[in-house]
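Worksheet for the structure shown next.
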Amino acid sequence: MTPLKDLKAFAPAPSPKSGEWFGHPKGLYVLFFTEMWERFSYYGMRALLILYMTKVLIFQADHGAVVFGYAPIRAGIQAFVHMMGMRGEISVDTLASQIYGLYTAFVYLTPFFGGILADRVFGQRKSVYIGGVLMAIGHFLMALRSMFFPALLFLILGNGCFKPNISTQVGLLYPEGDHRRDSAFTIFYMGINLGAFFSPLVCGTLGQTVGWDWGFGAAGVGMVAGLLIYHFGKRLLPPDQMMARQSADAPVEKVQTTSEEWKSIGALVFLCVINIVFWAVYEQQGNTLQLWADQNTRWTFFGLTLPSTWYQAFNPLFIFAFAPVMDMFWGWQSKRGKEPSSVTKMGIGCVLLGLSMVIMIAASRLVAPDQKGSLLWLVSTTWLLTMGELYLSPIGLSLVTKMSPPRMVSMMMGMWFLSSFFGNYLAGFIGGYYNVMTKEAFFTLLTALGIGSGLIFFAVNRPLSRGLGQEY
């Protein structure tokens, strides 16, 4: 009989028969394409969300169209913003920003509970299936205006089951100490952004030029494609933790968490708290920066007007271009003993994010409110923002799988996404001031938040790195 605390001894590694592609288990590429299509569906829907609400949904709902749940949600948001000091009737942009923030926040709250369910009840594989089916239903319901809020609920619940468990399986492909794990998460992260790149080009174009329901429906098709890839590639995936426990005939017993594990857990939780500010600024891409792209940016080239939702493709495009470069750069630093610790990298990411908003401060000064400016403002902002993301997000994902106790790895992955819950809601709340403050003041606030969170990372680098068992 093998005690539960020793499950790490059989952390699943790729079986010999599965083989490798390009130095990694084949299962990594199954997860790559599964996540690619899931992110296609998520970002395709997100590219349309704020525009759909500001241009269609709220106007029609305010004039009597049936949208289930709209009246109590509007009244609740109105009461909340009054409590926070924002007087008068809530504007369409502020209401849409609040709904956007609530949706994207809850998308990242439910993975915490989905991780617990996977660790204790369903296992990672079954959780992915449950989540994928729920999200597919949600995307197709988005095509029906009256079902807008029930659709969001399906998407929130489905993402909770899907998100932490697909990421956890990437880590489970590699035995403890395998140096390829960081590289695997960078590859996996590129899959996320491959889907994110094509989704606004497909879903955004269909939604803005053919019909909103076409764009949302295309997102649903993407989710189904991801589920099919996962199902037919499942033999290449590692057994999840529940399957490993059963195969080892391990008794279900309460295991005492060691002091070292508590240090790692505490350090990871603190990192998640600081990450909240990063995501609050970063998620303006789908909110206020998308409004800037639609209202203050020229999209006509050689007589052809492109949909403003194509802005959402900039960030993943830069990730394709620079993720391999950063991977090689960190490898070069590592060989010379100069690679920054994970905590330092995350601090650099926050500072770069804050600096990206300095460009938007300049844009807000030079582009009049009733005019449309150059696309280069958004291009340069998004490039710098993306460099900050590469320093923080894939590093954090890898860190969670390496430093979490194996019996609670899905729950800790959910904890990582929990920071995005608070960050995304904060993004929506801050976005509500986009048309209340001057644009210059608004982007100055974002700059201060990004750089300030980076300085906190630098200040706590030594104790956090020690808690994580890393060099600093």
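The sequence shown begins at 666 in the numbering used here and counts up one residue at a time. Built from N, CA and C at the ideal position, the CB exists for glycine as well.
Own chain residues within Cβ distance below 7 Å of residue i, not counting five before or after
| i | result |
| --- | --- |
| Asp-992 | Ser-848, Thr-851 |
| Ala-945 | Gly-1088, Leu-1091, Ala-1092, Ile-1095, Leu-1114 |
| Leu-760 | Ile-723, Arg-739, Ile-742 |
| Asp-878 | Ala-808 |
| Ala-676 | Confidence at Ala-676 is low in this model, with a pLDDT of 43, below 50, so the placement of that residue should be treated as unreliable; the coordinate-derived value is given next. Around Ala-676: Leu-837, Pro-840, Glu-841, Pro-1071. |
| Thr-699 | Ile-831, Gly-891, Ile-894, Tyr-895 |
| Phe-1028 | This sequence places Ala at residue 1028; Phe is not what is there. Closer than 7 Å at Cβ, skipping near neighbours: Gly-1038, Trp-1042. |
| Ser-1045 | Ile-1024 |
| Ala-988 | Thr-851, Tyr-854, Met-855, Leu-1055 |
| Ser-811 | Val-731, Val-732, Phe-733 |
Whether residue i touches residue j by CB criterion (8 Å)
| i | j | result |
| --- | --- | --- |
| Tyr-1099 | Thr-974 | no |
| Ile-1013 | Thr-1112 | no |
| Arg-846 | Lys-1003 | no |
| Thr-1051 | Asn-940 | no |
| Leu-838 | Leu-1062 | no |
| Leu-882 | Gly-1019 | Correcting the residue identity first, residue 882 is Gly in this sequence and not Leu. In this structure, Gly-1019 does not lie closer than 8 Å to Gly-882 by Cβ. |
| Phe-813 | Val-732 | yes |
| Leu-1083 | Cys-1015 | no |
| Tyr-708 | Gly-860 | yes |
| Pro-815 | Leu-822 | no |
| Gln-977 | Pro-903 | no |
| Gly-779 | Gly-750 | no |
| Leu-638 | Gly-1053 | Any question about residue 638 goes unanswered here, given that the chain covers just 666 to 1137. |
| Ala-884 | Met-710 | yes |
| Leu-901 | Lys-691 | yes |
Nearest-angstrom beta carbon gap, residue j and residue i [assumed within contact, 8 Å]
| i | j | result |
| --- | --- | --- |
| Phe-983 | Trp-927 | Not a contact, Cβ separation roughly 38 Å. |
| Glu-703 | Phe-827 | 7 Å |
| Met-855 | Phe-985 | 6 Å |
| Leu-956 | Ile-715 | 7 Å |
| Ser-929 | His-804 | Contact flag wrong, Cβ pair sits at about 37 Å. |
| Phe-853 | Phe-697 | 6 Å |
| Gly-1117 | Ser-762 | At roughly 22 Å, the Cβ-Cβ gap does not stay under 8 Å, so Gly-1117 and Ser-762 are not in contact. |
Buried or exposed by the 16-neighbour rule on C-beta atoms within 10 Å, applied to residue i
| i | result |
| --- | --- |
| Asp-727 | exposed |
| Arg-790 | buried |
| Leu-1031 | exposed |
| Thr-923 | exposed |
| Pro-972 | buried |
| Met-1102 | exposed |
| Val-835 | buried |
| Phe-1122 | buried |
| Phe-1086 | buried |
| Val-942 | buried |
| Thr-970 | exposed |
| Arg-1127 | exposed |
| Trp-997 | exposed |
| Gly-729 | exposed |
| Gly-796 | buried |
| Met-666 | Here the model assigns Met-666 a pLDDT of 30, short of 50, so the residue's position is not dependable, and the following value carries that caveat. Exposed. |
| Gln-949 | buried |
| Phe-1108 | buried |
| Gly-887 | buried |
| Phe-967 | exposed |
Other residues of its chain near residue i: CB distance less than 6 Å, five sequence neighbours each side excluded
| i | result |
| --- | --- |
| Ser-680 | Any reading at Ser-680 must be qualified, since the residue scores a pLDDT of 47, below 50, and its modelled position is unreliable; the value itself is stated next. Nothing meets the Cβ criterion. |
| Leu-1129 | Ala-932, Val-1008 |
| Lys-1010 | Tyr-1056, Ile-1060 |
| Val-1023 | Thr-1112 |
| Phe-771 | Ile-821 |
For residue j and residue i, the rounded distance between their alpha carbons
| i | j | result |
| --- | --- | --- |
| Ala-1106 | Val-757 | 21 Å |
| Ala-1141 | Arg-785 | Because the chain is modelled from 666 through 1137, residue 1141 falls outside the range shown and cannot be assessed. |
| Gln-725 | Asp-843 | 55 Å |
| Gln-947 | Thr-769 | One detail in the question is off: residue 947 reads as Tyr in this sequence, not Gln. One C-alpha to the other measures close to 12 Å. |
| Leu-936 | Thr-965 | 42 Å |
| Val-889 | Lys-899 | 15 Å |
| Lys-1000 | Phe-994 | 10 Å |
| Arg-752 | Val-746 | 8 Å |
| Met-1076 | Leu-820 | 20 Å |
| Tyr-895 | Pro-776 | 19 Å |
| Pro-783 | Val-1065 | Reading the sequence as shown, one finds Ala at residue 783 and not Pro. Using only the alpha carbons, I get a separation of about 16 Å. |
| Val-1074 | Met-1080 | 10 Å |
| Phe-862 | Thr-833 | 23 Å |
| Glu-925 | Gly-688 | 32 Å |
| Ser-1069 | Ala-1124 | 23 Å |
Close Cβ partners of residue i (< 8 Å) along its chain, the five nearest in sequence each way excluded
| i | result |
| --- | --- |
| Pro-1034 | Asn-961, Lys-1104 |
| Leu-713 | Cys-868, Gly-869, Gly-872, Gln-873, Trp-877, Gly-880, Phe-881, Thr-974 |
| Gln-1036 | Asn-961 |
| Leu-1040 | Thr-962, Arg-963, Trp-964 |
| Val-798 | Gly-823, Leu-892 |
| Tyr-717 | Gly-872, Trp-877 |
Any chain C beta carbon closer than 8 Å to residue i
| i | result |
| --- | --- |
| Lys-1000 | The structure shown contains no chain C; it is built from a single protein chain. |
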